[in-house]
Each structure stands twice: as structure tokens, then as C-alpha cells.
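K.L.:
Taking numbering that gives the first Met the number 0, I'd label the letters of the sequence shown as residues 0 to 1120. A virtual CB, placed ideally from N, CA and C, is assigned to each residue, including glycine. Starting off with a structure, shown below.
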Amino acid sequence: MKFDDATLAQVRAAQPDKSTWVEANAGSGKTRVLIDRVARLLLHGTQPQKILCLTYTKAAASEMQNRLFERLGEWAMMPNQKLQEALVNLGEENHLSNSYLKNARRLFASALETPGGLKIQTIHSFCDKLLRRFPLEAGVSPQFEVLEDRQAKLLRASVLEELATGKSLSAVDRLAQYMSGLEPDTLLSEIASKRRALDIMPVRTLFGSVAQEKPDTFLEHILGSDGRDVLRQAAEVICAEQSNIKSVKPIKKMIKAQTIDAFLNAALGILIFKSGAKAFSAKVDALPTQAHVRKNYPSLVQAINYIAERTAKVYWMYVDHLALERAEALAAFSDTFLERYDQRKLDAGRLDYDDLIERAGALLSNSKSAQWILYKLDGGIEHLLMDEAQDTSPSQWNVVKRLTDEFTAGDSGQKNKRTVFIVGDVKQSIYSFQGADPAKFDVMQQRFSDRLAAVDERLEKKNLAFSFRSADPILRLVDEVFDKEAGAGFSAQSLHRPFFTDLPGRVDLWPFQKTLKIEDDTPWFKPVDLPEPDNPQIILARKVAEWISNLLTSGQELPGKNRTIRPSDFLILVQGRRPIFHNIIKELKARSLPIAGVDRLDIGQELAVRDILSLLKFADLPEDDLSLAEALRSPLLGFSEDDLFCVAHGRGKQTLWQNLRDNFAEHYPKQIEMLISIANSADFLRPYELIERIMTRFGGRKNLLARLGMEAEDGINELLSQAMRYEQLEAPSLPGFLNWFAAGKVEIKREMNTKAGQIRVMTVHGSKGLEAPIVILPDTEVRGGHRDTSQIMTLNDGGFLWKSPRTMVPIAQIDGAAEAKEFSKQEQMRLLYVALTRAEQWLVVAGAGNAGKDVSSSWYNLVENAMQKGVKLKIEHTDVPGVGICSTILHNWSEAKLNPDLSSASSKASLPSWATRLAPAMTKAPAPFAPSSLDGTKVVSGGDVGEQNTAMRKGRQVHVLLENLATIPPAQRQNRAQQLLVGDCTPTDEAEFEAVLNEVVGILDEPKLAHLFAPETLAEVEVIAAIPERNGHAMNGIIDRLVVTQDQVLIVDFKSNLLVPKTPNQTPVGILRQLGAYRSAIVQIYPNHNVEVAVLWTATRNLMTIDQDIVMQALQTATMP
């Protein structure tokens, strides 16, 4: 079969017998290629359990698995001709045998029946399962739990407190000397995450020249034996010549200085430059300042210059010395802290996410157990496939290396061919904050290539350049923007080609919204943080919302789609959740446009959650006036500003609660009743129960939703979930929960799919993997300088630095900061690439605030520069209503046309008649009946039932024992029966117990009845069904025993009557009707089976089969209960 260029590239990349490294542009179908490869591996006979697919997120793993199962499921149902076509389109041979096609159909069942399922998972999930499977070798608990961020934070704080009060106090004290107000957990968290870099030996090598220096020797290096005399002479000359008198005071400080710190502080600006390009270098010929004075004292000037040069040299030596001291202190503390932290985690049976990766890597690196473990992984992994490889961290790559090292071992003795398949795109590596290192992508490619070459195999390198997503104008703009950005991962091979060359496309660059100079006439009494009327971001947000509203209400068509534009067509992307993000959401809501809300919900910042927490804080501490005031003003208690002022003002030394309770009981009786109830319950109700009481009994949920809208429900529900989670982990208490909740950040990630029919507003990071017909980029202004808030800097050559204050920064830190800034700049470029390539047909780039002066200073400038200089882009200028003149790129784009029918319908639409009529009252369906409640006698005529309670108790006893003793070994039945016969089944005496046990055991030991109690039979089967013979009335009953074979179903009902009928016709009618109801229900479930009914008379061990006509006729004449 002949393929087009785009499909051929995918087919070649998916060849199952070759190890392949794929670099794939955005929208090039790389996930499909990975699924194709898995499908072809299965077709070629690879067992499902020998394939491992690793991807970046759980959502991606789930999507890949669903798509694979969907394809295999389609194959299972296809006729031969269509299946042959499908396999040929996949890249298989043109002529396939019938046996090959049969094998393809069986793949779906084979994949489903694979023990543990197909291994398509995240690398964290893989490591989790690996450690649980080999806990002894890994040195972890088999039931370990993954440590949540909040739990980890509390544990780190607990360990620090333990060290500070124990034998490790000296290490803590040494560290504390350099903390300078830093939040302890910020540093502790970094220590835990960067533990592999905290090796002090490379740091000592880096600062080797000062490693042995003592602080007091630095001053000697500068002054020597005569330095102070030189400085005294300089001070005398300056005073005598009246030359730069203001320098005398710092010179005198230098003379008196007994420490290097004091000397350097005085020397800054005098002997060495304090700032600028020459900062901390020697100020030669600068003292004295007047030329004629320097001419008259040449030897003095020479001596001062010598001291200045030595000061500059020693300055950097001393800075390195301080940096080494800081690193030594951090390393010493880290060793102690990490040892105790790890031990505490192991004692509690918990591992954090970093531990999963590190311990899995260590497990696979252990020479004694690695080979055995790899073999035990379902007989060894033969094919490893990896998606989103550009987002893989070095520690994760280590796990991948260990898994694949055996693939290239020449003496492995492996018969089946092993392959690796790695797909990624460095241009989309945007998760460095999670450890991703794009540089590792090329390094690992070379490593795989070299190792395969060593065993005479080749790593195929493929590029997927065709985009199946974006229209031509968007791709041409992308190529132009990134034309000279090789550092960020772009090259000549990165050029994009549209697969759908005729797809209509458009790019609009809106005019940048600059700050307007509008006279501020805001009244003085308005809040000081009220947004300014000329705020450019608010103005842009209004323009975006109005533009979207006009497109939706006008019924404009989306070219090439033969339909009008929908809300779900819009995807608005921002760099971060900054004011422009919230302003756009606010403006969209103001126009009642359907919007999906924020993509990530910070529960702790939700207004409804904060209101509930304020009420809980009051319940914990009634003297907390601020929390009570917050709760009073919330929808939970409904105070107005004036109400709160009346209660709070003039209360003297009383707390707010005392004043409210004592003096305003008549004014606010319901609120006070609620507060008293909550406060009194705080000591004995669990946090979940307390919140639930606020939400339900006192109408908190109703009040919050009425004021804040339905969006508040997510936050409320998650707070309840967190309360339940807390109670699972800790001994529940209200103070404990408040402290536990405040210790960590809880976010809900909302799934932003198009099926919801809503406008999506989200960050570029969150949009990875998504697409939309219309993408808007409003957040393109200058992002501000590079902000690296980390405290520990890892060095390229190994080792680390604990960052020094700005005034004493070593050269190594300066160089590292410059590298980090450049890395951040490159990642910003990659982030822009991801943003631009989300668009399918229409891309809108806008901006507000400060665009910056340089081309690379903002996204807006980069796009504008590309559009101005791109010769092939064919820029036009269009007037966009409400926006202004825009630079536009068009391709097959028809002028916006209104759909006459839609616009007419929207302006003249009226409600249908049924919408204005009162809905009829719903008829409540009758409650389901129990078959045993149907009328008719349940005993044989003339029989003695004995005492009714005794008979009923025996019936319950027999049923319980027959249900549970069938699978119990005979020797254990008596003990088990004693455990079962409790409650309303308790025998009155030993004789009653022995009698019922003997009766049941006799039945179970009866060979003729063995088929009723076989393992495959069903006991106590609950059945709910509509009974046609009773006008569809619902029945809810329990069948004592159900025996299902290939073509027959037997319904068995246990009866403990003392008098047993001799023939089926003598069976009491009430029992017949009960069996008829059961049969009517089961026939609906098993329409192709022969359904029979029988009664097991326990007193005589007689299984009586009853003709279906008898039971169904009895059911027909029954009277409903």
C-alpha cells in the first residue's frame, strides 16, 4: 500500500522490530504512533505482559490504554476485509492469512486477560508497583503509603524539632547561624529533594585554595606588617591636603578593624569598587583623589594601590571561604537530618514520590538482585516504550537505563528481540520545576545509540514534522518565531508541515494595550486597592470577553467546519494565574458566557472554605475575635457590615463573642444558637462531623451556594474529603485538623475537556496535550526578571552551594545564576511554542501592560517581530470591531458570514408552550414487594406449626447455616455455627442448637444434594425486577440458592416446615406464588435458559421440583400486598 509522506513517517516510526528514537513536533500524532507500535508488537506475537509503556501523567496513560483497547476491540468485531485493510493501514503486509487475522481478533481478549493488565503507566506508578512486589529487596514495608506533601511537611518539622532538642543540637545551631529569617521548611524541602547533590567533596575541591584558611588570616594577607601604617599616613596626608576628607573616617575604621568583616565593610568604595561593572575590583590610583596630591606622594600611592589589590583578591577569597562554611554547615546538618527523616518515614511505612524513583533505581542497580528482579517482572521486559521523554528527570532516566541495560547485553541469552521506543520533543520541555532536564534528552539518545551499536544494532532516528492539528498560517508563524532559537531546542529539523493544507487558518496580532492616562476621580472613601480605571489588563480582559461574546451571539461560522462557533472552541492561555487570568474570568462571567472556571482550584483560597475555617477556628478558640468576625460576615451567619460594627464597637475589654452572647441575644438568636452549638460540639465531634453539621443542620451549604454560586461546591466537598483523610491518618481533633490543613496546599485539577461546552481559561503548563479551534494568548507582556527562589544551587560539575546573601556572592554562584537565567529564558521560549501550537485554526495574540524594548523581552515582541520580518507570512491589516487594526495572516479564510437561520432564531426565539405550563405531579411508584409477602398459606393444611416465634427462629437458623457452612471443613462446622447463630438466631438451649446443626449438616453431607452447594453455585442472591404477571410491579427478593449451568437455571428455596407435602400439588399456595415471582424475574435475566424451581424441605432433605405451570398459575391469582 502506498502511504502519503506524513503517514509513512508514522508507519516507519512504529516498526516493532527496530529500536527507535522519535522527535515529534506538536500535533504530529506521536501518541498514535506509540499505540500503533504496541498494537504491532502484539500482532507479531509479543506477550502483553512483556511490554512496558511509560508516560508522564496518569491522564495520558489512561488515554493511551483506552485508545489501544478501543482499537483492539474494533479488530475483534471486524469482518475479514475491513480487518485486512486496517492492518495494512497500520503498516502490515498487503496479503494476510486467515490465521493472522484470527490472531488479531484474539488480541483484545488476550490484553484484557493479562495478569495485572497492560503495563501502560506513569514512571511513578511503575516504581510504586515494583517496590510493593519486591519490598524485602528494596528494604521497605509491603504496605507502605505514599507520603502526601502535607504529611511530609509536618514530618520534616517534627524531625527538625527532634534534632533541635536532642544530641544533634550542634548541627542545628551551626545551620541556624546562616538562616537569616528563612522559613525552615523551605530549606528542609530542598534538602530532601536535592539530596543527591549534597556532596561536600566537590565543594571543597571548588574552593580548595581557601579550605584551610582561618578567618583571622585574611586580614593579615591584606595588611601584612605595615599596612596599618600606610593607612595612617594616607589619612594624615588627606587631612593635611584637604583631599577627599570624607574618606578619612572609613580609613580610620580600617586601621582599627580587628576582623576581616569590619575591614571589608570600611574598604568598600574606598579601596575596592562597591558596585557597577568593576564591583569588588581594586580602585587603583584612586586615593588620594586629587592628582597633585598623588604626584607629591608617589610611594604612598603605590603602597595604597598594593593594599587595594590585595583587598580585592582577599575579598573573593573570603567570599569563597564563607560560601564553603555555609556549604559545610548545610552538608553536616543534611546528613543528620536526612538520616533521621528517612528512618522516620520507614518507621511509619511511608515513602515520598522522590523515594519511589530513588529506591526503584537503587533496587534495579543492586548487582545481587537486579537480574532476578528483572526476570521476575513477568519473565523480563522485552519492549520498553516511553512517551513525553523530554519531561523525564535524571533520576527517572536512571530507572529507564537500569530497565534497558539488559537489552544490549551481548550474553543475555535472550531469544526474542528486545527494543526501545522513545518519543519526545525538546521544544515542549516545560516542566523543569518538576525536575525535567531537556539536556538529558540528547544525552540519553546518544547513550542508547552507542550501546546498541556495541551489539551490532542500530537506533533508528525519526522526525515527525507533519502537524495533524494546526492550519498553515499558524505553523508558518511558529517557524518564523523560532527561526534562531537553537538553544531552546529548535533546529532546521523542527520546521513544521501542515497535513491538512487546505484547512482554513488565521492569525491575529491585536494592538498592544498600553496604559492609558485617565484622570483618577475615585472618591477618597473607596478601597485603596480598587483597580484603576486605566488598568490595561482590565481593558484587555473586557475586549477579549466582548469579542468572544460577539462571535457567539452573531452566529459566525467557523470556516471549514460548516457550523457556528461554539463556546468550547475557545481556549484562553496565560503564563500564570496573574491578574489578567482572573480579570478575563470575571469579564466572561459578567456576560453570562459559559466558562469552565479555573483549571486548578486552591482549596485553601476558596472563599467558602475560608468562611468555614474561620467558624472552626472560633469553635476551637472562642477568644479569637478576628475569626469570629470573619465568620459573622460570611453567608454562614449573614451579618452585614453595620451588624458587625454594632457588636464590635464599644465592647470594652470583652471579647467579641462575650459581647455578642451577653448583649445581643435578642437581636441575633439564630446566629448565637448556632455558635453555641458549634463551640460546645468542638470537643467531642470529629472534624468531618462538625463541618457536616455546619453544612446540613445549620444550612451552611445552602447559604454559601446561594451567595457564592455553584462553583463553591467543589471547595466545600474537597474540604469534607480532607477532613475524612485527616481522620484516617491522625487521631482526630479540631486543633489538629486546623493545623494539619494549614500545613499544606490542596489543589483540585479540573478536567478541561470540550464536551462540557464551555470556554476554557488555563495556564500554558496545564494545556499540554490539549488543542482548540480558537486559541487566545492575552498574557504576553514582560514577565519580569528571572526569579530563582531556591536556596540550594546545584553545580554542573557536581556539588552544591547554599546561596550566599547578595553582598557576599562567590563567582561560582554568579556564574550559576547566569546559567539559570539563560535556562529560564529558553524554557520561556519553549512555553511560547506550546502555547502557539495549541491552536487548530484561529490564533489570537494580544497583550497589555509592558511589552518591553527588546525583541526577546516579551512574547508579544517575539510574535510581532516575526510577523513584521516574515516575508512568507503575507501580512494583512484588518479592522476587528472593538479591538482596532490588527496584523493578520489568512489562509483559505472566508469572510465572517452570519447564519441567517441562527441569527433570526436568536433574536426572535420564544419559549415552547410546554415550558410555560406547570409540570404535572409525578406519580410515585409503589414500593417493591417481597415475594414472601404474597398472600396464601405457607404450611400444609392440617399441619401443626408449633409456636410461631420458634418456627421463625428455626427458619432463620437453617438459612444462615446453609448459606455459610457449605464451604467450611466438617471439623470446623460446629465452632463456626456457634459464631453464626447470634442475635435473633440465638438458640434457646444446647438441645435446640444440636438439633438445627444436625439437620443442616445432614443436608450438606447428602450426596444427592451436593450439586446445590458446589463452589460455582450462588447463595442468597438478591433479585430486583418488574414482574409482568403483576402488571410490572417491582419485586425485591432473595433467592436462597441459584444453580446456573450452560443451558439451565435452578431456583431453590429452603423451607424448614415440620410437615412436608407429599406431591408438588400439595405445596402451600403462598410458597408457590413466591417461587413464581422468583421464576418470573430470573427468566428475564436468563431468557435463553430453561428455568426450573424447587423447594428443599430441610426436615426431610427432600428436593422437590415443581412444574413451572403450577407456580406461574399460582402467581397469576395472587393478591398484591
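(1) Name the two residues that bound the continuous alpha helix (DSSP H) containing H320.
(2) Could you check the C-alpha separation between D787 and P15 for me, to the nearest Å?
(3) How many Å lie between A845 and T391 at the Cα?
(4) For P1063, I'd like the list of residues in its chain whose CB is within less than 8 Å of its CB, leaving aside the five on either flank, ordered along the chain.
(5) Along the beta strand (DSSP E) that carries A85, what are the first and last residues, could you check?
(6) From N582 to L539, what does the alpha carbon distance come to, in whole angstroms?
(7) Taking the alpha-carbon positions, what's the S553 to A59 distance?
(8) Taking a contact to mean a Cβ-Cβ separation below 8 Å, would you say G383 touches L355 in this structure?
(9) Identify whether E235 lies in helix, strand or coil by the three-state DSSP scheme.
(10) May I have the straight-line CA-CA distance separating K49 from G379, to the nearest angstrom?
(11) Ignoring anything shorter than 3 residues or poking outside the stretch 856-891, list the beta strand (DSSP E) runs there in chain order.
(12) Name the two residues that bound the continuous beta strand (DSSP E) containing G504.
(13) Leaving out five residues on either side along the sequence, give the residues of the same chain with a beta carbon under 6 Å from the beta carbon of G883.
(14) Specify whether the stretch 719-727 and the stretch 636-652 touch according to this definition: at least 3 beta carbon pairs, one from each stretch, less than 8 Å apart.
(15) DSSP puts R759 in a beta bridge; with which residues?
(16) According to DSSP, simplified to helix, strand and coil, what is R609?
(17) Which residues mark the beginning and the end of the alpha helix (DSSP H) in which T52 is found?
(18) Give the DSSP-derived three-state secondary structure of P772 in the structure shown.
(19) When the Cα atoms are used, what is the spatial distance from I611 to R805?
(20) Counting pairs of beta carbons, one from the stretch 864-879 and one from the stretch 468-483, are three or more of them closer than 8 Å?
(21) So the alpha helix (DSSP H) H123 belongs to, where does it begin and stop?
(22) Name the DSSP beta bridge partners of T793, please?
(23) Assuming contact is defined by CB atoms lying nearer than 8 Å, are R1078 and G1001 in contact in what I supplied?
(24) Mind listing, in chain order, the continuous alpha helix (DSSP H) runs of no fewer than 4 residues lying wholly within the stretch 577-629?
(25) Which residue's Cα is closest to the Cα of L550: K245, V442, F107 and I758?
(26) Find the nearest neighbour of L964 within the set E991, S932, A990 and N997, judged by alpha-carbon distance.
(27) Straight-line CA distance for A25 to A5?
(28) In this structure, what does DSSP give as the bridge partners for P249?
(29) Expressed to the nearest angstrom, what Euclidean distance is found between the alpha-carbon atoms of D424 and A850?
(30) Just the Cα atoms here: how many angstroms apart are K367 and I199?
(31) Using 10 angstroms around the beta-carbon of P621, count the other beta-carbons present and answer buried if the total reaches 16, otherwise exposed.
(32) Just the C-alpha distance for Q670 and R609, rounded to the nearest angstrom, thanks.
(33) Could you tell me which of V854, Q812, H764 and L910 sits nearest to L572, measuring between CA atoms?
(34) Closest to V1082 by CA distance: which of T1097, R505, M1111 and W1096 is it?
(35) Do the CB positions of L703 and A711 come within less than 8 Å of each other?
(36) For the stretch 1087-1096 against the stretch 1035-1053, are there 3 or more C-beta pairs whose distance is under 8 Å?
P.N.:
Looking at the coordinates:
(1) Sequence index remark: in the sequence shown, residue 320 carries index 321 (1-based). Element bounds for H320: P297 to A347.
(2) Reading the sequence shown from its first residue, position 788 is the one you call residue 787. Reading the sequence shown from its first residue, position 16 is the one you call residue 15. Whole-angstrom Cα-Cα distance: 44 Å.
(3) Stepping through the sequence shown from its first residue, residue 845 is reached at position 846. Stepping through the sequence shown from its first residue, residue 391 is reached at position 392. Straight-line Cα distance between these residues: approximately 32 Å.
(4) On the sequence shown, residue 1063 is found 1064 positions in, with the first residue counted as 1. So the list reads M1103, T1104, I1105, D1106 and I1109, once near-sequence residues are dropped.
(5) For the purposes of this step, residue 85 is identified with residue 86 of the sequence shown, where counting begins at 1. Not the beta strand (DSSP E): A85 falls in the alpha helix (DSSP H), residues N79 to L89.
(6) Within the sequence shown, the letter at position 583 stands for residue 582. Within the sequence shown, the letter at position 540 stands for residue 539. The alpha-carbon atoms of N582 and L539 are separated by roughly 9 Å.
(7) Counting from one through the sequence shown, the residue named residue 553 turns up at place 554. Counting from one through the sequence shown, the residue named residue 59 turns up at place 60. Taking the straight line from one Cα to the other gives about 37 Å.
(8) Counting from 1 along the sequence shown, the entry for residue 383 is found at position 384. Counting from 1 along the sequence shown, the entry for residue 355 is found at position 356. Sequence inspection shows Leu at residue 383; the Gly mentioned does not correspond to that position. No, the Cβ-Cβ distance between L383 and L355 is not below 8 Å.
(9) Indexing the sequence shown from 1 puts residue 235 at position 236. The answer is helix: DSSP assigns E235 an H, G or I state.
(10) For the purposes of this step, residue 49 is identified with residue 50 of the sequence shown, where counting begins at 1. For the purposes of this step, residue 379 is identified with residue 380 of the sequence shown, where counting begins at 1. Those two C-alpha atoms are separated by around 6 Å.
(11) 875-879 and 883-890
(12) As a first step, residue 504 must be located in the sequence shown, where it is residue number 505. Here the beta strand (DSSP E) through G504 covers G504 to L508.
(13) In the sequence shown, counting from the first residue as 1, residue 883 sits at position 884. Same-chain partners within the cutoff: P510.
(14) no
(15) Here residue 759 refers to the residue found at position 760 when the sequence shown is read from its first residue. R759 is bridged to L570.
(16) The sequence position of residue 609 within the sequence shown is 610, counting from 1. Helix, per DSSP.
(17) Within the sequence shown, the letter at position 53 stands for residue 52. The question names Thr, but residue 52 in the sequence shown is Cys. Segment I50 to T54 is the beta strand (DSSP E) holding C52; no alpha helix (DSSP H) there.
(18) If you number the sequence shown from 1, residue 772 lands on position 773. Residue state, collapsed to three classes: strand.
(19) Numbered from 1 along the sequence shown, position 612 holds the residue referred to as residue 611. Numbered from 1 along the sequence shown, position 806 holds the residue referred to as residue 805. Near 42 Å, if we compare the C-alpha coordinates of R805 and I611.
(20) yes
(21) Position 124 of the sequence shown holds residue 123. Its alpha helix (DSSP H) spans residues I122 to R132.
(22) Start at 1 with the first residue of the sequence shown, and residue 793 comes out as number 794. F799, per the DSSP bridge assignment.
(23) Residue 1078 sits at position 1079 when you count from the first residue of the sequence shown. Residue 1001 sits at position 1002 when you count from the first residue of the sequence shown. Not closer than 8 Å, so no.
(24) 578-589 and 606-619
(25) Taking the first residue of the sequence shown as 1, we reach residue 550 at position 551. Nearest C-alpha to L550: I758.
(26) By one-based count along the sequence shown, residue 964 stands at place 965. Comparing Cα positions, the closest option is N997.
(27) As a first step, residue 25 is located in the sequence shown; it is residue number 26 there, counting from the start. As a first step, residue 5 is located in the sequence shown; it is residue number 6 there, counting from the start. Cα to Cα, the separation comes out at about 14 Å.
(28) By one-based count along the sequence shown, residue 249 stands at place 250. P249 is not bridged to any residue.
(29) As a position in the sequence shown, residue 424 is number 425, starting the count at 1. As a position in the sequence shown, residue 850 is number 851, starting the count at 1. One C-alpha to the other measures close to 29 Å.
(30) Taking the sequence shown and counting its residues from 1, one reaches residue 367 at position 368. Taking the sequence shown and counting its residues from 1, one reaches residue 199 at position 200. Computed Cα separation, rounded: 29 Å.
(31) Numbered from its first residue, the sequence shown carries residue 621 at position 622. Classification of P621: buried, given that the 10 Å Cβ count is 16 or more.
(32) Working through the sequence shown from its first residue, we reach residue 670 at position 671. Working through the sequence shown from its first residue, we reach residue 609 at position 610. Cα to Cα, the separation comes out at about 18 Å.
(33) Looking up residue 572 in the sequence shown gives position 573. Minimum Cα distance to L572 is reached at H764.
(34) In the sequence shown, the residue the question calls residue 1082 occupies position 1083. For the residues T1097, R505, M1111 and W1096, the minimum Cα distance to V1082 belongs to M1111.
(35) Working through the sequence shown from its first residue, we reach residue 703 at position 704. Working through the sequence shown from its first residue, we reach residue 711 at position 712. It is a contact, given that the beta carbons lie within the stated cut-off.
(36) yes
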